[in-house]
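Number of protein chains: 2
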Amino acid sequence: MKFGVVIFPSKKLQDLVNSYRKRYDPHYALIPPHLTLKNAFEASEEDAVQFADKLRKIAGHHHVFSLKTSKISSFQPVNNVIYIKVDPTEALTELHTEINHELNVQKLEYSFVPHITIGQKLSNDEHSDVYGSLRMTKVNHEETVDRFHLLYQLENGSWTVYETFRLGRES
Amino acid sequence: MKFGVVIFPSKKLQDLVNSYRKRYDPHYALIPPHLTLKNAFEASEEDAVQFADKLRKIAGHHHVFSLKTSKISSFQPVNNVIYIKVDPTEALTELHTEINHELNVQKLEYSFVPHITIGQKLSNDEHSDVYGSLRMTKVNHEETVDRFHLLYQLENGSWTVYETFRLGRES
Numbered sequence: 001m002k003f004g005v006v007i008f009p010s011k012k013l014q015d016l017v018n019s020y021r022k023r024y025d026p027h028y029a030l031i032p033p034h035l036t037l038k039n040a041f042e043a044s045e046e047d048a049v050q051f052a053d054k055l056r057k058i059a060g061h062h063h064v065f066s067l068k069t070s071k072i073s074s075f076q077p078v079n080n081v082i083y084i085k086v087d088p089t090e091a092l093t094e095l096h097t098e099i100n101h102e103l104n105v106q107k108l109e110y111s112f113v114p115h116i117t118i119g120q121k122l123s124n125d126e127h128s129d130v131y132g133s134l135r136m137t138k139v140n141h142e143e144t145v146d147r148f149h150l151l152y153q154l155e156n157g158s159w160t161v162y163e164t165f166r167l168g169r170e171s
Numbered sequence: 172m173k174f175g176v177v178i179f180p181s182k183k184l185q186d187l188v189n190s191y192r193k194r195y196d197p198h199y200a201l202i203p204p205h206l207t208l209k210n211a212f213e214a215s216e217e218d219a220v221q222f223a224d225k226l227r228k229i230a231g232h233h234h235v236f237s238l239k240t241s242k243i244s245s246f247q248p249v250n251n252v253i254y255i256k257v258d259p260t261e262a263l264t265e266l267h268t269e270i271n272h273e274l275n276v277q278k279l280e281y282s283f284v285p286h287i288t289i290g291q292k293l294s295n296d297e298h299s300d301v302y303g304s305l306r307m308t309k310v311n312h313e314e315t316v317d318r319f320h321l322l323y324q325l326e327n328g329s330w331t332v333y334e335t336f337r338l339g340r341e342s
C-alpha cells in the first residue's frame, strides 16, 4: 500500500485552494488540499507503526513555523501542475529533509519546491489557458504550521490519515 | 464550521465498505469509511485546540479495544441508512459516552448504535432493493482500534483530519 506525509493548511487556505481544484484537479475528491512533505511511497501496512514512531520523534524536535504563500506558479515544462508557491523557509526545508532521510524508502527525485497544488493532469492547451488567467493572481497569505500527518491510500485512490504529529511536543 | 469525531477502521475494512459506498453513498468522496463517535457539531475554528486537549486526555485513559462486525443492517424506518453493524462493546460505548459528555455542545438525539455506513440518502425503492440484496451478507471481521480522530468540514462538504488521538498513551 502507499503512504505519504503532508501538511494540511488552515481551513481558509484549503477552501481557497479547493475553489480552483474543483475545476482543475482530478484528485480533488481523493485528498484535501495539502503541502507534500514526502511523496507517495510503497510499504506494508505493518510498517505504519515504525513510520509513525520515527515521525513522532522528528516532530518532537522541530518547532512550529510560519507558512507564507505569495503567488501562483507552474512546474511546466517538467509537468503541467499549477500550484500556490510556498516560501521555502529553513524550518520547512529542514523538516522535509529529515522526514525524507529517516523514511529513506525512496530516493528524492526532485529538489524540494514547497507548493500546494491547485491544478494537474491538464492538457497543454488547458494548462496555457488556466495558467495564463491565474499567473498574475496574488495569494498573500500567512499562517502557522503546528502539525503534519502520515496518510495511506485506499484501493479507490483516496487517502486516509493514519496519524497526526504535532511540532515541538514531547512524545 | 463543523467538527466531528470518528474511528477510521483498517484499510481492509475501508476498502470493503467503499466497494458498497461507491454505489450507494453520496458522501463517498467527502470522507473515508468511518465509525462516528460524535456527530457533526458547530463550533469556531479556535475551539479546535481545546477540543483536542480534551480528546487527548480522554484517549489517554481509555485502552486499545477490539472492534467486531457481523452483519449488514438498516436504520429504517427512522432513515434509509444501510450500515455494517459494529458490536456494541463496553469499551466502545464508554469512549462514545465520555467524548459526548466532555464535548457537550449538543444533546444526544439517538442512543448509540455503533455502525459504519455503506449507503444513505436512498429512495424507499432503492433502499428496499439494496437492503434486500445485502441483508443476508455476513461481515465477520475483527480488528483492533488504537486511535480516533477529530475532523473538520471544508466549505465543499469534505472532511480534513485535525488530529489523531492514540488510546492508552500518556500525553
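The listed protein sequences correspond, in order, to chains R and F.
Note that our numbering gives residue 164 to position 164 of the first sequence, counting from 1, and the numbers run on in steps of one.
Note that our numbering gives residue 294 to position 123 of the second sequence, counting from 1, and the numbers run on in steps of one.
The beta carbon of each residue, even a glycine, is placed where N, CA and C say it ideally should be.
- A Cβ of chain R is located within less than 8 Å of the beta carbon of S329 (chain F).
- Three or more pairs of CB atoms, one per stretch, sit closer than 8 Å, so the stretch 235-242 of chain F contacts the stretch 256-269 of chain F.
- Around the beta carbon of R135 (chain R), fewer than 16 other beta carbons lie within 10 angstroms, which makes this residue exposed.
- Relative to K2 (chain R), the option among R:A40, R:L16, R:L103 whose CA is nearest is R:A40.
- For V177 (chain F), the uninterrupted beta strand (DSSP E) segment begins and ends at 173-178.
- By the criterion of a C-beta distance shorter than 7 Å, K22 (chain R) is surrounded in its chain by Y28, once the five residues flanking it on both sides are discounted.
- Considering only beta carbons, no part of the stretch 300-317 of chain F lies closer than 9 Å to chain R.
- Residue environment: H101 (chain R) is assigned as exposed (fewer than 16 neighbouring CB atoms within 10 Å of its CB, all protein chains considered).
- Annotation: Cβ neighbours of Y152 (chain R) in chain F (cutoff 8 Å, chain order): K182.
- For the stretch 210-225 of chain F, the set of positions with a beta-carbon nearer than 8 Å to some beta-carbon of chain R reads E216 in chain order.
- Contact of Q185 (chain F) with chain R is assigned, a C-beta pair being separated by under 8 Å.
- One alpha carbon belongs to G168 (chain R), the other to H61 (chain R), and they sit about 6 Å apart.
- Look at R169 (chain R) here: in three-state DSSP terms it is coil, with no helix or strand label.
- The beta carbon of D196 (chain F) is closer than 6 Å to those of G290, Q291 in its chain, skipping five residues each way along the sequence.
- Counting C-beta pairs closer than 8 Å gives fewer than three between the stretch 246-254 of chain F and the stretch 140-153 of chain R, which falls short of the contact rule.
- The residues I178, F236, L238, in chain order, have a CB closer than 6 Å to that of V316 (chain F) in the same chain once the five nearest residues on each side in sequence are set aside.
- Inter-residue distance for T97 (chain R) and L37 (chain R) is about 9 Å (C-alpha atoms, whole angstroms).
- The beta-carbon distance between A59 (chain R) and Y162 (chain R), rounded to whole angstroms, is 14 Å. This is too long to meet the 8 Å contact definition.
- Under DSSP, H141 (chain R) forms a beta bridge with R:T69.
- Against chain R, the CB of H320 (chain F) has a partner CB under 8 Å away; the residue lies at that interface.
- For A40 (chain R), the three-state secondary structure derived from DSSP is strand.
- Residue burial is scored here from C-beta neighbours: S158 (chain R) has at least 16 other C-beta atoms within 10 angstroms and is therefore classed as buried.
- Identification of chain F residues near T36 (chain R) by a Cβ-Cβ cut-off of 7 Å yields none; the smallest Cβ-Cβ distance measures about 15 Å.
- Restricting attention to R:N18, R:L35, R:E143, R:T117, the CA atom closest to the CA of N80 (chain R) is found in R:T117.
- In the structure shown, S245 (chain F) falls within a strand segment according to DSSP collapsed to helix, strand and coil.
- When the alpha-carbon of L92 (chain R) is set against those of R:V113, R:T137, R:N156, R:L154, the nearest one is in R:V113.
- Apart from sequence neighbours up to five positions away, the residues of its chain that approach V188 (chain F) with a beta-carbon distance below 7 Å are P204, I255, I287, I289, ordered along the chain.
- Beta-bridge pairing by DSSP links V86 (chain R) to R:T69.
- Taking the Cα positions, L103 (chain R) is about 24 Å away from K183 (chain F).
- In the assembly as shown, Q221 (chain F) is an exposed residue. Its beta-carbon has fewer than 16 other beta-carbons within 10 Å.
- Inclusion of E326 (chain F) and D15 (chain R) in the CB contact set at 8 Å is warranted, their separation being smaller than that value.
- Not a single CB atom of chain F sits nearer than 8 Å to the CB of F65 (chain R).
- Residue burial annotation: H298 (chain F) is buried, with at least 16 other C-beta atoms found within 10 angstroms of its C-beta.
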